[in-house]
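Chemist: Take 1 as the starting number for the sequence shown in the UniProt record's numbering and just add one per residue.
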Amino acid sequence: MKGLNAMLEPGMTVRNRAAPDWGLGQVQSRIGHRITVNFENAGKVVVNGFEVELEPVYGEDS
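#1: Looking only at C-alpha atoms, which of V14, N5, E51, G43 sits nearest to V57?
#2: Residues in the same chain with beta-carbon distance under 8 Å from R34, minus the five sequence neighbours each way, listed in chain order, please.
#3: With a threshold of 7 Å on Cβ separation, who are the neighbours of N41 within its own chain once the five nearest residues in sequence on each side are excluded?
#4: With distances taken Cα to Cα, identify the nearest neighbour of G59 among M12, L4, M7.
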């Protein structure tokens, strides 16, 4: 799995640097490499943790 994806837990705030227009997202679940995130501007998205690196966001508008 890419980067910190293996450490993500439900409730954490993340962003997808490859798709900044999605806005901030809240992790809904992580099952294996499948991570479900509810993004401000893209809605609920399931990403492949082997292909997409999500960046945890701490303390900024989260």
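C-beta: ideal position from N, C-alpha, C; glycine also.
Modeler: Walking through what the data contain:
#1: Here the question's residue 57 lines up with position 57 in the sequence shown. Closest option to V57, Cα to Cα, is V14.
#2: Taking the first residue of the sequence shown as 1, we reach residue 34 at position 34. V46, V47, N48, G49.
#3: Residue 41 sits at position 41 when you count from the first residue of the sequence shown. These residues qualify, in order along the chain: D21, W22, G23.
#4: On the sequence shown, residue 59 is found 59 positions in, with the first residue counted as 1. Selected option, being the one with the closest Cα: M12.
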